[in-house]
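Enquirer: Sharing a structure here in structure tokens format.
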Amino acid sequence: MPGAKPAFEDLYCEYVERIYAFLRSQLGSAADAEDVTSQVFVKAYEAYARYEPRLSTPAAWLFQIARNAALDHYRRAGRRSRAEQALARQPTASVEPDAIAQERIVYRELMEAVAGLPDRQREVIGLRHSGLSFLEVGRLMGSSEDAAKMLYHRALRALRAALPEAAT
Amino acid sequence: MSDMDDRDLAELQAQLDAAFQSTRPRRGFQDELWDRLQRRVWWRRLQRATASARPALGGLAAVLLVAFGVLFLISRGGHPGGGASETSSAPTSRGAAVQQATFGLLPRPSLGGEAAATRPGASSETAGPAVAGRALPATAVPLPVYRYGPAAGLQAGTVLDPASIPPGLPSATYPALSPADALAEVQAAPRQHVTVTGARLVYVAVAADGSGYLEPEYVLTGTTQSDGGPQTPFSVRVAALAASAFR
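Residue numbers (the numbering used here), protein chains in the order written: chain F, 73 to 240; chain U, 14 to 260.
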């Protein structure tokens, strides 16, 4: 629930990994997720004086910035098709052994499958599994809590269908 | 929905939870981003402040010169350390206070607590002129200090752009002067009209007791004019850290 305004440093420590994981699920590439995570926290830092805790939780506020940043990223890359982007990710990942080592390989396929979902399904999975309530997810996505739940369950089924048999 | 469906979806949800909880950035990313964040935000503030100060400073330089001179003299009289009481409120971050213990009190840069000024084309350093800084922000943001060893190959006095700092150096955050406070640290010179046209952050290598530190300083540039004479460009380097950061 909205409450006191924490120090930005505390907010950063608490959320930087969650924001990164959310963006990793939205963008599909570790390098892109790092870049956009940086952009998110730069924007958040500059806007923190204007953040009103009584209007939204820190998580909702930060994930709104992250969601917008992910959408901007997709808009900038709009000339490439999603399939082309997915292909482009492969060589990028192969030259980042350090980043790969930090990720759990077993879950990489799952996160990339999330990244391949249609926009709203990808977002609802990402936001929900980043720890937001359905109420918060609905608010961020401009829908009701019930609509967010329904969208989430549709997204789960779409994700299961998109995964190879061995992954589920 | 069948029981099989429910079990499959519950299993998938559990996998997603585990995947999100175990997906983490590479080691070091969090610290690098925090450092970069502070540098970028600080640099933008300086750029904005400089841009907004440029038109205003010209007309107000003469008036503010007198005000700064008076304030400087008062602060020198009241606090021999020069503004330490003002800057002691600078560390607003809990992390800054905690991390300050990491490196302890720092050696002072070779400026010796005074501003160093160099004029392009001149070979010797001169006392810094008084400057007008009305539009510069008065809010202090803690700045990182980096510790380096012999392997870094840095000689004391080396000046680096923040982007040129060797990666991977250990860092600690220290309370810094606001740009306005930093400007107040520059010594006044009578009968000089001064206009600040640029400000940037640099890091200067300072060595003491077998350790080396990259300490932040501001480089302020502009022009001075004495008694209706020609305008002379200047470049002044001022310590960016609060006095409480130094031994």
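All residues carry an ideal CB built from backbone N, CA and C; glycine is no exception. Predicted model only: the values in this text are computed from it and were never measured.
Is it the case that the stretch 192 to 200 of chain F contacts the stretch 96 to 106 of chain F, given that we only count it when at least three CB pairs across the two stretches are under 8 Å?
Expert: Yes, they touch.
Enquirer: Measure the Cβ-Cβ separation of U:Ala253 and U:Pro229 and say whether it is below 9 Å.
Expert: Sequence index remark: in the second sequence, residue 253 of chain U carries index 240 (1-based). Sequence index remark: in the second sequence, residue 229 of chain U carries index 216 (1-based). In contact: U:Ala253 and U:Pro229 (Cβ atoms closer than 9 Å).
Enquirer: Determine which residues share a DSSP beta bridge with U:Ser224 and list them.
Expert: Working through the second sequence from its first residue, we reach residue 224 of chain U at position 211. U:Ser224 pairs with U:Ala221.
Enquirer: So, at 8 Å on beta carbons, what are the nonlocal neighbours of U:Leu118 in its own chain, with the 5 sequence-adjacent residues on each side left out?
Expert: One-based indexing of the second sequence puts residue 118 of chain U at position 105. In its chain, beyond the 5 residues on either side, Ala258, Phe259, Arg260 have a beta carbon closer than 8 Å to the beta carbon of U:Leu118.
Enquirer: Starting from the C-beta of F:Lys77, find all residues in its chain whose C-beta is less than 6 Å away, skip the five residues before and the five after it, and write them out in chain order.
Expert: Walking along the first sequence from the start, residue 77 of chain F turns up at place 5. Closer than 6 Å at the Cβ level, and outside the excluded window around F:Lys77, lie Pro125.
Enquirer: Distance, Cα to Cα, F:Leu235 vs U:Asp30?
Expert: As a first step, residue 235 of chain F is located in the first sequence; it is residue number 163 there, counting from the start. As a first step, residue 30 of chain U is located in the second sequence; it is residue number 17 there, counting from the start. If I take the Cα positions, the gap works out to 16 Å.
Enquirer: Under a CB-based cut-off of 9 Å, is U:Gln238 close to chain F?
Expert: If you number the second sequence from 1, residue 238 of chain U lands on position 225. Cβ-Cβ to chain F under 9 Å: no for U:Gln238.
Enquirer: With 16 other CB atoms within 10 Å as the buried threshold, where does U:Gln168 fall?
Expert: Taking the first residue of the second sequence as position 1, residue 168 of chain U is located at position 155. That one is exposed.
Enquirer: Write down the C-beta distance between U:Thr234 and U:Gly211 rounded to the nearest angstrom, noting that I regard them as a contact closer than 8 Å.
Expert: As a first step, residue 234 of chain U is located in the second sequence; it is residue number 221 there, counting from the start. As a first step, residue 211 of chain U is located in the second sequence; it is residue number 198 there, counting from the start. So it is a contact: roughly 4 Å between Cβ atoms.
Enquirer: On the premise that U:Phe42 lies in contact with F:Glu106, defined as a C-beta separation below 8 Å, what is that separation, rounded to the nearest angstrom?
Expert: If you number the first sequence from 1, residue 106 of chain F lands on position 34. If you number the second sequence from 1, residue 42 of chain U lands on position 29. F:Glu106 to U:Phe42, Cβ: 6 Å. Contact.
Enquirer: Hey, could you find the ends of the beta strand (DSSP E) U:Leu249 is sitting in?
Expert: Stepping through the second sequence from its first residue, residue 249 of chain U is reached at position 236. Looking at the sequence provided, one finds Val at residue 249 of chain U rather than Leu. Run containing U:Val249: 245 to 252, per the beta strand (DSSP E) assignment.
Enquirer: At a CB-CB cut-off below 7 Å, which residues of chain U make contact with F:Met213?
Expert: For the purposes of this step, residue 213 of chain F is taken as the residue at position 141 of the first sequence. Under the 7 Å cutoff, chain U gives no residues; its nearest Cβ is about 18 Å from F:Met213.
Enquirer: With burial defined as no fewer than 16 other Cβ atoms inside 10 Å of the residue's Cβ, what is the status of U:Ala145: buried or exposed?
Expert: Along the second sequence, one-based indexing puts residue 145 of chain U at 132. In this prediction, U:Ala145 has a pLDDT of 46, which is less than 50 and means its spatial position is unreliable; nothing more can be read from the coordinates.
Enquirer: Mark F:Gly210 as exposed unless 16 or more other C-beta atoms lie within 10 angstroms of its C-beta, in which case mark it buried.
Expert: Position 138 of the first sequence holds residue 210 of chain F. Buried.
Enquirer: Return the residues of the stretch 42 to 57 of chain U that lie within a Cβ-Cβ distance of less than 8 Å from chain F, sorted by chain order.
Expert: Phe42, Gln43, Leu46, Trp47, Arg49, Leu50, Arg53, Val54, Arg57
Enquirer: Can you give me the start and stop residues for the alpha helix (DSSP H) that F:Tyr87 sits inside?
Expert: Taking the first sequence and counting its residues from 1, one reaches residue 87 of chain F at position 15. Looking at the DSSP string, the run of the alpha helix (DSSP H) that includes F:Tyr87 is 80 to 99.
Enquirer: Can you tell which of F:Gly198, F:Gly203, F:Tyr92, F:Arg147 has its C-alpha closest to the C-alpha of F:Thr129?
Expert: Against the first sequence, residue 129 of chain F aligns to sequence position 57. Selected option, being the one with the closest Cα: F:Gly203.
Enquirer: Using a Cβ-Cβ cut-off of 8 Å (strictly less than) and excluding sequence neighbours within five positions of U:Ala165, which residues of its own chain qualify?
Expert: As a first step, residue 165 of chain U is located in the second sequence; it is residue number 152 there, counting from the start. Pro179, Leu182, Gly225.
Enquirer: Would F:Met183 pass as an interface residue toward chain C - the criterion being a Cβ-Cβ separation below 9 Å?
Expert: You won't find chain C in this structure, because its protein chains are F and U.
Enquirer: Show which residues of chain U have a CB atom less than 8 Å away from the CB atom of F:Ile197.
Expert: Residue 197 of chain F sits at position 125 when you count from the first residue of the first sequence. Result: Leu29.
Enquirer: Could you check whether the Cβ of F:Glu86 sits closer than 9 Å to any Cβ belonging to chain U?
Expert: What you label residue 86 of chain F is simply residue 14 of the first sequence in a count that begins at 1. Not one chain U Cβ lies under 9 Å of F:Glu86.
Enquirer: Please compile the residues from chain F whose C-beta is within a distance smaller than 7 Å of the C-beta of U:Pro243.
Expert: Here residue 243 of chain U is taken as the residue at index 230 of the second sequence, counted from 1. Chain F residues near U:Pro243: none, gap ~40 Å exceeds 7 Å.
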